[in-house]
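Chain order of the listed sequences is P and U.
Residues in the first sequence are numbered from 841 upward in steps of one, following this note's numbering.
Residues in the second sequence are numbered from 841 upward in steps of one, following this note's numbering.
Protein chains: 2
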Amino acid sequence: MTVTNDDSAQYLIRTVSKRSGVKSDLVRAWERRYQAVTPTRTSGGHRVYTDQDIARLKLLNQATSNGHSISQIAQFSLDDLKHLLKSETPSTVQATNNPLPTTRDKIHLAEDYSDKCYAAVLAFDAQKLESHFENAIVELGAESFIEHLLSPLLTKIGERWKTGELRPVHEHMTSSVIRSLTYILRNNNPCPENAPRMIVSTPIGQLHELGALLAAIMAELCGWQVTYLGANLPAEEIAAAVKYTNSCALTLSISFATDDHIVAKELRRLKKLIGNHVSLIVGGRAAGHFQPVLNEVGVMNIQSYTHFKQLLNQLAAEYRALDDNNRQ
Amino acid sequence: MTVTNDDSAQYLIRTVSKRSGVKSDLVRAWERRYQAVTPTRTSGGHRVYTDQDIARLKLLNQATSNGHSISQIAQFSLDDLKHLLKSETPSTVQATNNPLPTTRDKIHLAEDYSDKCYAAVLAFDAQKLESHFENAIVELGAESFIEHLLSPLLTKIGERWKTGELRPVHEHMTSSVIRSLTYILRNNNPCPENAPRMIVSTPIGQLHELGALLAAIMAELCGWQVTYLGANLPAEEIAAAVKYTNSCALTLSISFATDDHIVAKELRRLKKLIGNHVSLIVGGRAAGHFQPVLNEVGVMNIQSYTHFKQLLNQLAAEYRALDDNNRQ
DNA sequence: CATTTTTTGTCAATGTTTTGTAAAGGTTTG
DNA sequence: CAAACCTTTACAAAACATTGACAAAAAATG
């Protein structure tokens, strides 16, 4: 049984765009130039699409971001497209050259969205927040969404939380919305079989999960196979997860400098439990407070968004090289 | 529930509007433009609708907020519309014969999936778990998925956790996967504008969120507009969320009888903070341990899956009636 | 390697369709 | 008689369509 409905389901182009992740203009362009889809029309001339069309555009979107030329694959059947995507390595996210002219516009757009999203958070309007996020993902693309919208937004929320403009519930609500969005983001970027694995969580006592959530999403986008565990877990549990999944990296977010003892103790225990072959990465607002322990334990400390991305790619490369050697 | 296909039950447009959530003007517009409904008339010319018409408008309302174009689906049959929305809302129609999968088959299938899912949990394989869930949702439909798969699975996890077969991480991982599935489930079942609102969370000290998650999903499926806050929140925060969202119900899950004092205290504080006009619902494995407090505070205690569903529908009906009165 | 050429995503301008809402003025109902 | 309905007409915002053009990226060519 396939996911798609029969032909009775009819959508207008904006819905198709939202669901497939392809901008409306581009949907039309693909139809005009390559007949990638052939929607029926209303009496007034508006395009009307089926569920199949949406599935098709979703796959085409994935395939093109994997490097395929749209002109070559536009007329493939659904099965052909699925087959194409199965036997493929994922999109490698380049961390390098960013300051392109198009990026500037995106940054502007992202700021715009960021304001709207923050307003929704402040108003405690989960529905609106989710809606803004959805639109932003389509317009910005997953990568830019994270870098220029999500990342600064979470920083802002963290700050406002300290000043008292926001309450803890605001953060919980936001986490909840973002968590359910994970599904769309992951959908755009299926990860391969042999991807390096990572656990993301928060040590015990650390209740704020926004940072961890961001890290998890970023890692997934960089081609990692991430298992996200949520916040506030004791070292033994996290270590167990690392073993179960055979992960080669563990990322923790520490955003609040509550009790130095606990965090330090947990970090030391964790390192002992997971051993040296697993990379321990720590980030978050308050990570700096624990610098001595971080150094002692041998933690990779995240400095910035870009830094984390570099780290992710670097580690993934190392892991792949290691993996190749083992196989030979 | 049951639908009286009785022709004797006839309604005027204001009633139809209230029950379906479609404004009177719009009901007329849909009739004039697309013949979405074709009510009979009184001798004087007033429109007279049947229960079927109401059901129809309800579905059309849902479908449009789901992205379907009203002009395209206005003339669909009731069955077509139901099929379009795939997951059937319990509060609406279920009376017609289900020609496709028997309930018995579904239960069997669900058990099958349940086993697979539990195996994935045990093996700590988040990807496989998510994949099973996805397939199950498609095959079973959202409702059956929750009743016959998710609900028993979570119970099982709770039990196995107590015996030590599963660790806390297993539960965290499962929560994480289910949380990201929320997106699909919600998408299948968009809630109307005037839906009653509910907050779902877990009182401070209660770290297990699976029960709360299930409650949230069920409530959404019953037509509530749910804001899910995650676990472990102090009374003030939860109460703030209730106020922000103007919720008329609050559901808490208590699955672990840690410290009687804290939970009891939190419940009392919560009741004070939210007042009497907000329904306080409590469920979960360990809810029974707090029976005295629950009685004292005036809590509705969830007894079972079915009971919760009844409660949800009943409260929603009460709220709608109240809302109607306020508007008049 | 340097130049075209092609591909591809994006945008702008301009006109149309869709769709929810509202006002005006008459009719029915209780 | 007041409240609720009815019909018609109109309106405006959002969403679409079409055409044509542009520029970056990729590919082909010299």
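Where a beta carbon is used, it is the ideal one built from N, C-alpha and C, also for glycine.
For U:Asn1072, the C-beta contacts it makes with chain P under 8 Å involve Leu1047, Asn1072, in order along the chain.
Taking CB atoms only, P:Tyr1023 has a neighbour in chain U less than 7 Å away.
For the options U:Leu1054, U:Ile1018, U:Lys1105, the alpha carbon positioned closest to that of U:Ala1075 is the one of U:Lys1105.
The three-state reading of DSSP puts P:Pro1043 in strand, counting E and B together. Scanning chain U for C-beta atoms nearer than 8 Å to the C-beta of P:Ala1080 yields Arg1007, Val1009, reported in chain order. Close CB contacts of P:Val862 within its chain, under the 6 Å cut and outside five residues either way in sequence, are with Leu897, Asn901 (chain order).
The C-alpha of P:Arg1037 is placed about 7 Å away from the C-alpha of P:Thr1085. Boundaries for U:Gln902: no beta strand (DSSP E) harbours it, while the alpha helix (DSSP H) harbouring it runs 891-905, taken from the DSSP string. Scanning its chain for C-beta atoms nearer than 8 Å, with the 5 sequence neighbours on each side dropped, one finds around U:Val888 the residues Gln850, Tyr851, Leu852, Pro879, Thr880, Arg881, Thr882, in chain order. Nearest C-alpha to U:Ala1089 among U:Ala1157, U:Pro1132, U:Gln912, U:Thr1098: U:Ala1157.
Between the alpha carbons of U:Val1139 and U:Val1118 lies a distance of about 10 Å. For U:Thr904, same chain residues with a beta-carbon under 6 Å away, outside a window of 5 residues either side, are Ile910 in chain order. One thing to note: P:Ser1095 has its Cβ within 7 Å of the Cβ of P:Gly1124.
Taking all protein chains in view, the Cβ of P:Pro1043 is crowded by 16 or more other Cβ atoms within 10 Å, so the residue is classified as buried. The straight-line gap separating the alpha-carbon atoms of U:Asp920 and U:Ala914 is approximately 11 Å. Between the C-alpha atoms of U:Lys1149 and U:Ser1015 there is a straight-line separation of about 21 Å.
Collapsing the DSSP output to three states places U:Thr882 in coil. Minimum Cα-Cα distance from U:Thr1022 among the listed residues U:Ile986, U:Thr1003, U:Leu1113 corresponds to U:Ile986. The beta carbon of U:Lys996 is closer than 8 Å to those of Ser954, Tyr958 in its chain, skipping five residues each way along the sequence. With its beta carbon less than 7 Å from one in chain U, P:Glu1077 belongs to the interface. For P:Lys858 against P:Val978, the beta-carbon gap comes to about 6 Å, under 8 Å, which counts as contact. In the three-state reduction of the DSSP assignment, U:Leu1025 falls in the helix class, which pools H, G and I.
When the beta-carbon positions are compared, U:Arg1019 and P:Arg1019 come within less than 7 Å of each other. Under the DSSP assignment, P:Tyr1068 falls outside any alpha helix (DSSP H), being part of the beta strand (DSSP E) whose first and last residues are 1065-1068. The beta carbons of U:His1010 and U:Phe973 sit about 15 Å from each other, so the pair does not count as a contact at 8 Å.
In the displayed model, U:Ile1094 falls within coil according to three-state DSSP, outside both helix and strand. Beyond the five residues adjoining it in sequence on each side, U:Ile1102 comes within less than 6 Å, by CB distance, of Gly1045 in the same chain, given in chain order. For the set U:Ala1126, U:Glu983, U:Lys1083, the Cα lying nearest the Cα of U:Asn1116 is the one of U:Lys1083. DSSP, read as helix, strand or coil, puts P:Asn1072 in coil. P:His1012 sits close to U:Gly1070, with the two beta carbons spaced by under 7 Å.
Here U:Arg854 is exposed. Its C-beta has fewer than 16 other C-beta atoms within 10 Å. Residue pairing of U:Tyr851 in beta bridges, as defined by DSSP: U:Tyr889. In the structure shown, the three-state DSSP call for U:Val862 is coil. At least one CB atom of chain U sits nearer than 7 Å to the CB of P:Ser1020. Here U:Ala1056 has Val1040, Val1066, Tyr1068 as same chain residues with Cβ atoms under 7 Å from its own Cβ, once five neighbours each way along the sequence are excluded. For P:Thr882, the C-beta contacts it makes with chain U under 9 Å involve Ser909, Ser911, Gln912, in order along the chain.
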